[in-house]
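Colleague: Numbering (UniProt numbering), first residue to last: 1 to 818. All C-beta atoms, glycine included, are put in the ideal place defined by N, C-alpha and C. From a predicted model like this one, the values you see are computed outputs, not experimental measurements. Okay, here's the structure, questions in a sec.
Put into structure tokens, the structure is as follows:
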């Protein structure tokens, strides 16, 4: 049930919709955005209202959670089932029973308030009702401790308000499957409950007062924060002013700014400056790549050089697979030592982490190791106590995005900074796409419990029917196959019922399939929403090794706008910035930006004479002519290297093309050092690749266009003096991209541009942007393909470039064949 928040009083309250079982140990706090701080300190006279208001659940989450971290999946009721279960229990209690009893009590400036689930004045019993799924489900001890704490707080508030000397306190666990109750009951004296209440309040008040002081000090420091470099670079001031105005007017900003001007510091600084006046609680800096997040963290370090006294807390969120200390162990106390007793050690770890101004991955790990807690979940806890959070796009834009969920539940005012925002189109599509693997399902089916045999077989039959329903390798439909979806729904219901009946049995493969299937079903349900143009259903058929055909089934998102639009609406302000956000309508349309979104193009600080841009107008890199192109490309690269030895990056459209060119260059010109990007390169391999671009060095590094080295890489000075781009960057023509082209043509009337031309030229400009990083740099770029001479292609290249091949030789639009 949602707790209403009074707008005239500072509130620090937990949303009580959280269920018993949760895959992420989240405590949700909120306060009214109409106040400048969740901890507004008022005068302390006896007639004044309390300085703080806190919900009972929040108080208990903070003070009473104990025991292990346990991320084993336990089936739990949905929100609707929980509400219905509460209704069943209270309807059984008969006349005189009081449900949803509003209670509040004060202690030394703290007001605690909430609603007890039920009170029976006849039996003098207060009840805390929790719904569960399955009679055999075991309530973890840490959850029981939380539930008892809540019930005891309500017990004291009832004793205080009704002058009771004692009261029965009961936990009622209601199984929504069997409709049966399991009751744990204990009698308490009022004085014992009062002591428990006051001790909880004291422990919370200590932290609350610290947070109030932090917020005050943070806002005071940010108000006087100075730009760390003294003066802005050319273009950087316009970017910073635009970001500040967007935050001041609560608008969405789309900012195209050239590489090398310092976009990270130019966006983080004005967003922080806007926090005090706009009562912004948090800034989220989101990036698609770890390199972008590293630059943002570096920017915060620069800010601290001139503002050591500003108590700004910065947190880096790291993916679970990178943060986990024991990836070979299960995430619960019986397996992992960092999960065992996690909540017992969390308060000390949280206290230490709150005193660290920068919680990057290394610092969080050090603090977690010192306190023997999981670093991944310590970082998630510290989201609530941080001012600037740096993380991946998925933390805010994904379907189950943690930052977005916390923002909505807490009613935070957030400023969202989206780095290299051109990546959000493809990432958004991936977030709202779901694929079911036929071969993987066969393995799950063979190992599944006997109770699931019939629903598994039903799904398998429907799946095989789809596999055999056509001869085409790739097939699309505008809606999902109803019979298969119905069978999958029945299977998911059977799986959750079986898990409820056997809560101690954990089948990782079956659980993974269940989550994938539920994601698939949710997206399938929404295929007809938002006009039905955003997604399609497709089947990809592949022959099995022996006999038969496998069919991978996919709900594929093509237009992420309907899903991303609520994310933009949920932020106080969003700034999307990149060197390649043109044309603006392409990003407005595909991302679902609000109609009030503002576009700004920051002029480049660089001059045309800093970069020689050549077009190899007599070479074609079209797929059918790649083999013929290799000798000419290699000779061009060797000639350029001979004229000006130094470090170069060479970009190709695929690993195969790259390897062929690198081998030919090494064979014909063995005196030129080379190194190449490999498939599936590790982080260590990526570092080694970039380290090869040493100051004063010479050689050519070969990389894939659109890969990890074509954007977010900073190699200033003579670490990189030139780039070869041996492709137009157009996505491969395949059935999926053709479906995208057709859908974009239907919706926007620009199918080829949206599916091929704009994404391709974006990658080219990003790659070429690695060369000029400062106003002292000088370099060269070779665009290797005759299509670069065409007007519609050159219109998408940076305006400050001076193409050295003369006027375009073609004026007609490109075709798919070209």
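#1: Are the stretch 574-581 and the stretch 261-276 in contact at 8 angstroms, needing three or more beta carbon pairs?
#2: Pull the bridge partners of residue 702 from the DSSP assignment, please.
#3: For residue 451, which residues from the same chain have a beta carbon less than 6 angstroms from its beta carbon, with the 5 sequence-adjacent residues on both sides left out?
#4: Exposed or buried, residue 313, counting other C-beta atoms within 10 Å across all chains shown (16 or more means buried)?
#5: Take residue 58 as the anchor and find which of 149, 768, 88 has the nearest alpha-carbon.
#6: Which one or two residues does DSSP pair with residue 166 in a beta bridge?
#7: Within 10 angstroms of its Cβ, does residue 787 collect 16 or more other Cβ (buried), or is it exposed?
#8: For the stretch 726-737 against the stretch 681-688, do three or more pairs of beta-carbon atoms, one drawn from each stretch, fall closer than 8 angstroms, so that the two count as touching?
#9: Just the Cα atoms here: how many angstroms apart are residue 803 and residue 793?
#10: Buried or exposed, going by whether 16 or more other CB atoms sit within 10 Å of the CB of residue 75?
#11: Using the beta-carbon count (16 or more within 10 Å), is residue 640 buried or exposed?
#12: List the DSSP bridge partners of residue 543.
#13: Identify which residue in 545, 335, 773 has its Cα closest to the Cα of residue 604.
#14: DSSP three-state label for residue 90, please.
#15: Suppose only complete runs of 4+ residues qualify. What are the alpha helix (DSSP H) ranges in the stretch 596-669, listed by chain order?
#16: According to DSSP, what are the bridge partners of residue 263?
#17: Return the CA-CA distance between residue 633 and residue 771, expressed in angstroms with no decimal places.
#18: Do you know whose CA, among 336, 400, 325, lies nearest residue 367's CA?
#19: Scan the stretch 229-315 and note each continuous alpha helix (DSSP H) run of 4 residues or more that stays entirely inside, going in chain order.
#20: Excluding five sequence neighbours on each side, which residues of the same chain lie with their C-beta closer than 6 angstroms to the C-beta of residue 318?
#21: Of the choices 740, 489, 407, whose alpha-carbon is the least far from that of residue 537?
#22: Report yes if the C-beta distance between residue 116 and residue 158 is below 8 angstroms; otherwise report no.
#23: Unbroken beta strand (DSSP E) runs of length 3 or more, entirely within the stretch 425-454: which are they?
#24: Assign residue 331 to one of three DSSP states: helix, strand, or coil.
#25: Between residue 727 and residue 785, how many whole angstroms is the CB-CB distance? I'm expecting something under 8 angstroms.
#26: Please identify the residue among 514, 408, 799, 591 whose C-alpha is closest to the C-alpha of residue 281.
#27: Given that a residue counts as buried once 16 or more other Cβ atoms are within 10 Å of its Cβ, and exposed if not, what is residue 853?
#28: Going straight from the alpha carbon of residue 474 to that of residue 509, what length do you get?
#29: Applying the criterion that 16 or more other CB atoms from any shown protein chain within 10 Å of the CB defines a buried residue, is residue 146 buried or exposed?
#30: Alpha carbon to alpha carbon, what distance is there between residue 278 and residue 412?
#31: Which two residues bound the contiguous alpha helix (DSSP H) that contains residue 468?
#32: Residue 515: buried (16+ other C-beta within 10 angstroms of its C-beta) or exposed?
#33: Around the Cβ of residue 421, are there at least 16 other Cβ atoms within 10 angstroms (buried) or fewer (exposed)?
#34: Fully enclosed by the stretch 126-177, which alpha helix (DSSP H) runs are 4 residues long or longer?
#35: Of the choices 463, 300, 706, whose alpha-carbon is the least far from that of residue 423?
#36: Classify residue 273 as buried or exposed, calling it buried when 16 or more other Cβ atoms lie within 10 Å of its own Cβ.
Modeller: Considering the structure as presented:
#1: yes
#2: 650, 676
#3: 498
#4: buried
#5: 149
#6: The partner list for residue 166 (beta bridge, DSSP) reads 189.
#7: buried
#8: no
#9: 12 angstroms
#10: buried
#11: That one is buried.
#12: 549
#13: 773
#14: helix
#15: 626-643, 655-668
#16: In DSSP, residue 263 forms no bridge with anything.
#17: 19 angstroms
#18: 325
#19: 236-248, 263-278, 290-305
#20: Around residue 318: 361.
#21: 740
#22: The Cβ atoms of residue 116 and residue 158 lie closer than 8 angstroms to each other.
#23: 434-436
#24: Looking at residue 331 - three-state DSSP - the assignment turns out to be coil, as it is neither helix nor strand.
#25: The C-beta distance from residue 727 to residue 785 rounds to 7 angstroms, short enough to fall under 8 angstroms.
#26: 408
#27: Limits of the chain in this structure are 1 at one end and 818 at the other, which puts residue 853 out of reach.
#28: 27 angstroms
#29: Within 10 angstroms of the beta-carbon of residue 146 lie 16 or more other beta-carbons, which makes it buried.
#30: Answer to the nearest angstrom: the Cα atoms are 12 angstroms apart.
#31: Note, residue 468: premise wrong, no alpha helix (DSSP H); not H, not E.
#32: exposed
#33: buried
#34: 141-162
#35: 706
#36: buried
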